[in-house]
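In this note's numbering, the protein residues as written are 477 to 747. Read the structure below first, then the notes.
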Ligand code: ZN
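This is the structure:
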């Protein structure tokens, strides 16, 4: 079995404590718990204010492992929203802007049309992202979220888009969304060092009681985290391991300091 991951590689995706903490509190929490990376969500970023957040993150020397999120290319107003997200990611010095591609517009049954809109949307914003020096990370989502969140559902699909566009775009590998994929090892290898822009960790609970907000803490479910880490490392990825847990029934109800302590401990033991 692989050696345990370095503690310094842990990053906190602030969704993990979003029910309890503001972004300012999450930044302070990372500093208190020796977590060196942070990935903010834009709603909390807006609450705190971009300049203030950037200053607090710099003051603690945290790496912004990603900004969540851009994308939703099938929703109204996608262009302006994505251009704002690129500016924010630039200001924060984020390693990437995470793209959740978007699902079916209301009333549509046409997946092909949505996927076409996603291609066009990425084509429209990529030049701006390149100019700003912000890599775009397409995050394939589990197929159970194809209708409402993203109809890019496998790493293979995401990498096909990357092949089409070339520079400035890669993928976010979130174990929750891709652990089941029979082509996962092969596609991680295909992605390689330059296109794996983020690595998100949590666990898949059995049973899963909610398709969005019932993620498990690492070690509480069935994902073979050490194995997937060995694949991303073999591909050359040496970046952060971003813990991202949406958990209405469990972790969002706990003391956030306990959540961070547990995440650190499980990262060392189960990842
Ligand atoms: Zn993720």
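Here a beta-carbon is modelled for each residue, glycine too, at the ideal position from N, C-alpha and C.
For residue 494, the secondary structure class from DSSP, reduced to helix, strand or coil, is coil. By the criterion of a C-beta distance shorter than 6 Å, residue 550 is surrounded in its chain by 578, 581, 590 and 593, once the five residues flanking it on both sides are discounted. Residue pairing by DSSP places residue 713 opposite no residue, since no beta bridge is assigned to it.
In the structure shown, the three-state DSSP call for residue 724 is coil. When C-alpha distances from residue 611 are compared across 690, 553, 572 and 521, the shortest belongs to 572. Linking residue 531 to residue 538 through their CA atoms gives a straight-line distance of about 10 Å.
For residue 731, the shortest C-beta to heavy atom distance toward the ligand ZN is 6 Å or greater.
A straight-line Cα-Cα distance of about 32 Å links residue 704 and residue 563. Residue 541 sits away from residue 722, with the two beta carbons spaced by 7 Å or more.
According to the DSSP assignment, residue 597 belongs to the alpha helix (DSSP H) that extends over 587 to 608. Distances taken from the Cβ of residue 650 to the heavy atoms of the ligand ZN include one shorter than 6 Å.
Three or more beta-carbon pairs separated by less than 8 Å link the region 686 to 701 to the region 722 to 732, which places the two stretches in contact. Here DSSP, grouped into helix, strand and coil, assigns residue 746 to helix. Rounded to whole angstroms, residue 543 and residue 744 show a C-alpha spacing of 24 Å. A direct Cα-Cα distance of roughly 10 Å separates residue 496 from residue 733. C-alpha of residue 688 to C-alpha of residue 739: approximately 20 Å in a straight line. Residue 515 and residue 498 do not touch by the CB rule: their CB atoms are close to 15 Å apart, not below 8 Å. With fewer than 16 other CB atoms across the displayed protein chains lying within 10 angstroms of its CB, residue 712 is exposed. The beta-bridge partner set that DSSP reports for residue 487 consists of 513 and 718. Residue 512 and residue 671 have their C-alpha atoms roughly 22 Å apart. Distance from the Cα of residue 546 is smallest, within the candidate group 697, 552, 557 and 617, for 557. In the DSSP assignment, residue 544 falls within the beta strand (DSSP E) that extends over 543 to 547. For residue 668, the enclosing alpha helix (DSSP H) stretches over residues 660 to 671.
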